[in-house]
Every structure is written in structure tokens, then in C-alpha cells.
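I have placed the structure first, in the form of C-alpha cells, so that the comments after it can refer back to it.
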Amino acid sequence: MSGPTNDISDDMRSQTLAAAVAAAARTRRYGSWYVAEHRFRVMRSYAQTVLFTAVGSPLVYLYAMGVGLASLVDNNLGDDAVTGVSYLAFLAPALLASSAIAVASEEFTYPIMLGFKWNPTFFGMNASSIQPGQIINGIIISVAVRMLVTCTIFYVFMLVFGAVPGRLGFVAVPVALVTGLAFGALVMAYTATLKDDTGQLAMVQRFVILPMTLFSGTFFPLDVLPPYLQWIGWISPLWHGTELSRVFAYGLSEPIWLSLVHVLYLAALLAIGWVWARRLATRRLNT
Amino acid sequence: MPAPVIATQNLVKSYPVKNSKDFVAVDGISFEVAPGESFGLLGPNGAGKSTTMRMIGAVSTRTSGDLDVLGLDPNRYGPEIRSQLGVVPQENNLDLELKVRENLLVYGRYFGLPRARVARRADELLEFAQLADKAGAKVDDLSGGMKRRLTIARALINDPRILLLDEPTTGLDPQARHILWDRLFRLKEQGTTLLLTTHYMDEAEQLCDRLVVVDKGRIMAEGSPADLIRRYSSREVLEVRFGSTQNAEVADRIQSFGGSGFGERVDVLPDRILVYSESGENELERMTAAGLHPITSLVRRSSLEDVFLRLTGRNLIE
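Top line first, the protein sequences correspond to chains A and B.
Sequential numbering from 14 applies to the first sequence in the working numbering.
Sequential numbering from 842 applies to the second sequence in the working numbering.
In C-alpha cells form, the structure reads like this:
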């Protein structure tokens, strides 16, 4: 080939490159938000369910446990029998954190299986300028928003029930959010490893989420458990989140280092789950 | 010739297999596609066509060799290359939780396009895909052909320079295929570069300016459909059937007739015998004159199927 031809071709190439770089620049920057936008649209198709559970579950739990069970506990043990406050005040922050876990266990399991396998929309996204890591980011962003709405509604009901004695009680909402995401990111990563669902996700529900809720100081303080069961609380993000929420909701007294451990533990789980999920998505979508 | 929009050189993709040799899906493929050209990869299932498409689509990292899409290396410029492509995958991955038009709206955003522009383009494309009256329908309520057309509409939302189609009409009924071919033909006329895989020879003949025949990860031949037929087959083919019990016995006589057998070449299949020739009618007359009376006979134009059979000794669809 002669020189000038090469020049023309090089020129065309640099033009193409410039056009392609410009076309992909926005997606490189905002791709995660585009994925979140997509997820919001999908959530809109089940918005009624989202709102119904967000309003219904605090009502059910606060009445059943916070009012019903609480009257039994308070009548027998006194108004300040559980860590120095009423049973309702003790229980409410834990229920709030559990509601975040409930959203996580919904949004980070079957929808992930759906996107990779049953209705492989993630492969569709990946064929556009979107990158696998952005798909994971976008899902986390969208679930975080749903979780925030759910937890805020829950918190409003806590106020209505008079379950928040502390002035910094509202901090329990972001704490619940981080708790739900820390647990959820790990669940998402696990789900991303599944080639098929042969009951694993139901097992997670039954043998991880349910025991975690029961043994994380939700309904009774961890230290009333025999020592050989207390480790469940220590590894459970729900326990760390619940205890931290109690510090803000009613001033649960615990050493400052312990509060710090709660924060660091939750942050570490979130980071590990997030990075792991991004890696798995990359491996699975870019084969 | 203008600079190719796709250039592969010794492209290889292999996957590690536990306790065994690597599985080589694509084994040293080289070809170039010119701008505006309609280029096909023809081969049976498992030939490595889809893997090749995924590498070109910048969603699969090559094991070795060179790959250049629009002058860019997919390893480095994945999102940039994908911003210029439209991809119609073999497996539909439309979002079934969204309505028809919504699928286009969310997809357009993935290319960073403004909402108003995506909305306008979505309506144009629904028109193009003959789905305008289905805009608010659930994706699951669409027929197979409509889903495919919606996938093509989605792939065009970013005005791609190259459209990648992986088995675009597999599983569709003949009428749906013809509607789809018509739409693809229009794109071709508008100057969109098409790269498609297929295991249907009629599809390749209809749509491809040029194609490569792929088998077991390697290119067996390259050329235009007419060119390949000329090179590897005869003008016509005579197909004769003698019934399953007599087929083998008669085959020997046909192959050895007059020393070199009938026609230019004879292929014996389990259920029928193919005689390649300039004129099928002449061969049939000679055969009848020789006392061979097939139960059924058919003279047809030679097709890519025959090219594939010649090159690999196997049928395309098995």
C-alpha cells in the first residue's frame, strides 16, 4: 500500500476513534445510573407490592411484637427491664434493621438469578456500552433507594408508636440501610455464582436469614443466649446493625470501640460483597 | 478497498477444561468485512460462529490472534466499540418485566442518549419493526417473529455502524422469516454493515454479499454465495431415491457407471443419492437409459448446502 492511502486510512481511524470515545464517554461515567434507571422502571411494575410491604410490615410487626409481646414482657419484668428501656423501644430498631434485610433478601436473590439466567437481561445490557461492574453498581443503587423508602416509612411508624426515645433516632435509618446492603451485597455475590437454582435460594431464606433474625439480638439481647450460640450474633450483620441502631434510638450503653467495630464490620462486608459481585459478573458476562 | 470495519487475523478462542486439553472453539479464523458489506458466517451448530461474534461484539476476550473492530482493539476499547454496534443475540434477552416500548427506552439510555431523543428514535423503530400497535404490549405476548423484530429495533436504537446478528431467524416460521429478511434487506440498502451467522443456506444466499463457511472453529472457504457454489459444486444437482433397502446397492452402480460414475461427482447420503452435474435432466435420462428407475427424482439448482457437504462431508443441519 502506498503512503497517502495509509494516511487516509489512519485519518479515518482516528475519526472513528474520536467518535466512539465521545459516544461511550457518558456511559463510562454514568452507566451505573442508567442501569439503576432500568431497575426503577422494573420496580414500577411491582410498585404496589413494594409500598404495601413497606407500610404493612411495620404495622404488623410493631402491633404484634411491640404492643402485644411487649405488654407481656413489660408486665412481667417492668418498663425498663430490657437493657434499661421498654420492650417496644428495645425491639423497634431491630425490626427496622430486619426490614432492610427483608428488602435485601428479595432484591438480591431472584432478580439476580433472573438477570443472569431466566431472563438474561444482564447479557443484553453488557452488549451495549455498559460494563459488568456498572450492572452491579446500578442494582445496588436501585435497591438502596427502595430500602431507604421502606426504612423511612418504618421509622415514621416507630415515631407514631412512640418507640424512639432518643433524639438521634433518625440515624437508625441509614444504619439499617448499610446493614441491608452489607448483607445484600454478599447474597448477590453468592447468587451470581449459581448456574441454576435448585433450591439454594430457598435454603438461604430458611437457614441463613431466618436463624440470623432469631439469633441477632432482635427479640432478646445476645447475652441472654448461652455463650456457644453468641457467635452467631457476632458474625451477623444484623446484630451489628441492630446494636448500632439502638445506640442512636435510645442510647444503648456500649463501649465506643464496640460501636466502631459495628461500623467497620458492616463496611467491610459491604466492600467485600460489592467487589466480589462485580468480579463474578465480569467473569460471567465476558466469557 | 476502503479500510475494513472488522478485521480478524488468526483469531483463537479456547476454554480451559478440567483434567483435559483446552477446548478450542475458534481455531485461527481470519477475514475482513468492508463498510456497508453484508457478511456471513455459515456453519453448523458448534462451529464457533457465536464465539466469534462475541469476540467481535467486545464481550469475550480472545485467547490469541488479532482483532480489530472499527480500527479499535476490543481488549482496550470495549465500551467504545459497543457504542457503535447493534447486537441481536441468539437468545432473546428483552426484559420481560417491561413493556415493548420501554425495552427500547431503557436500552437507548445505555448509550448515554438523551431521553427525548431515545423516545423519538423508539417510535421510529417501532414503526420500522412493524410493532407500532404493540408499543404498550407485554413482551411475552409477542410472537417469536415479533420478539426478534423488537430485538432488532433495540439493536438499532444507537444508530449502529455495524449490526451483529446471531442466527436471526432460527426458530421462526417461514412467513416471519421473510418479514425479517425484508427488514434486514432495507438496512443493507441503507448502508448498514451486517455481520450474521446462520446455519440456513437460503438465509446466507438471500442476505450475504460474501461469507465464510466455518466448521470446527476453522474457515473452510470464503467467497460470495454464487462464487462458492461455482467453485465447490456444479450448476445443478439431481437427487434420486431408491428406497432405504436399495440405496446402498444402487449407489455402487451409480458411482462406478461408465468408469467415473454419473455427473461430475456423486454423493451418497443414507436416504438419497446426489448427482452433481451441468444438467440434472440429462443425468436422469442417462440413468433411466441404464435401467435405473428411482422412486423419486428431483433436479434443483445447486446451493450452499452442497458446498458445505462437499467441504466437510456432512450436512449443515444434522
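We put the CB at the ideal spot given by N, CA and C, even for glycine.
Taking a cut-off of 8 Å on C-beta distances, the segment 1079-1095 of chain B does not touch the segment 911-924 of chain B, as fewer than three cross pairs fall below it. Chain order gives the chain A residues near proline 930 of chain B as Phe136, Gly137 and Ala140, where near means a beta carbon separation below 8 Å. The Cβ of leucine 908 of chain B sits no closer than 8 Å to any Cβ of chain A.
The beta carbon of methionine 1042 of chain B is closer than 6 Å to those of Ser1144, Leu1145 and Glu1146 in its chain, skipping five residues each way along the sequence. Where aspartate 1056 of chain B is concerned, the enclosing beta strand (DSSP E) starts and stops at 1051-1056. Any Cβ of chain B closer than 8 Å to the Cβ of serine 58 of chain A would place that residue at the interface, and such an atom is present. Alanine 37 of chain A and valine 191 of chain A have their C-alpha atoms spaced approximately 32 Å apart. Judged by their CB atoms, tryptophan 46 of chain A and isoleucine 148 of chain A are not nearer to each other than the 8 Å cut-off. Between phenylalanine 952 of chain B and asparagine 999 of chain B, the CB-CB gap stays under 8 Å. If you check the CB distance, glycine 927 of chain B and leucine 997 of chain B come in under 8 Å.
Annotation: serine 155 of chain A is outside any beta strand (DSSP E); the continuous alpha helix (DSSP H) that includes it extends over 145-173.
Residues of the same chain with a CB within less than 7 Å of the CB of proline 876 of chain B, apart from the 5 flanking positions on each side, are Pro843, Val846 and Thr1034 in chain order. Close partners of phenylalanine 880 of chain B in chain A (Cβ separation under 9 Å) are lacking, with about 18 Å as the shortest Cβ gap. Residue nearest to aspartate 982 of chain B within the set B:Leu935, B:Pro955 and B:Leu1005 is B:Leu935 (criterion: CA-CA distance). Shown here, threonine 1137 of chain B sits in a strand according to DSSP, grouped into three states. If you check the CB distance, alanine 185 of chain A and leucine 109 of chain A come in under 8 Å. Residues of chain A whose Cβ lies closer than 7 Å to the Cβ of isoleucine 922 of chain B are, in chain order, Ala33.
In the DSSP assignment, isoleucine 1020 of chain B falls within the unbroken alpha helix (DSSP H) covering 1015-1030.
Residues of the same chain with a CB within less than 8 Å of the CB of valine 158 of chain A, apart from the 5 flanking positions on each side, are Ala49 and Phe53 in chain order. Contact annotation: tyrosine 1117 of chain B and serine 1074 of chain B have beta-carbon atoms nearer than 8 Å. Contact between threonine 122 of chain A and valine 217 of chain A holds: CB atoms are separated by about 7 Å, below the 8 Å threshold. A residue is called buried when at least 16 other Cβ atoms come within 10 angstroms of its Cβ; threonine 1137 of chain B does not meet this threshold and is exposed. Straight across, the Cα-Cα distance linking isoleucine 922 of chain B with arginine 1018 of chain B is about 29 Å. For valine 1148 of chain B, the three-state secondary structure derived from DSSP is helix. At the C-beta level, aspartate 1056 of chain B and threonine 904 of chain B stay beyond 8 Å of one another. Using a Cβ distance threshold of 8 Å, tyrosine 74 of chain A and aspartate 87 of chain A do not count as a contacting pair. For the segment 1057-1114 of chain B, the continuous beta strand (DSSP E) assignments of 3+ residues that do not extend past its boundaries occur at 1059-1064, 1077-1082 and 1106-1109, in sequence order.
As the crow flies, the alpha-carbon of glycine 1121 of chain B is around 24 Å from that of glutamine 1047 of chain B. Here the alpha carbon of valine 173 of chain A sits roughly 10 Å from the alpha carbon of phenylalanine 167 of chain A. Chain A places a beta carbon closer than 8 Å to that of arginine 950 of chain B, counting this residue as a contact.
Asparagine 916 of chain B is outside the set of residues whose beta carbon lies under 8 Å from a beta carbon in chain A. Lysine 979 of chain B sits exposed, since fewer than 16 C-beta atoms from the chains shown fall within 10 Å of its C-beta.
Within a 10 Å sphere around the beta-carbon of aspartate 1112 of chain B sit fewer than 16 other beta-carbons, which makes this residue exposed. Residue pairing by DSSP places isoleucine 870 of chain B opposite B:Leu852 in a beta bridge. Sequence-distant Cβ neighbours of phenylalanine 196 of chain A in its own chain, meaning closer than 6 Å and more than five residues away, are Ile114, Ala117 and Pro250. For valine 929 of chain B, the uninterrupted beta strand (DSSP E) run begins and ends at 926-929, by DSSP.
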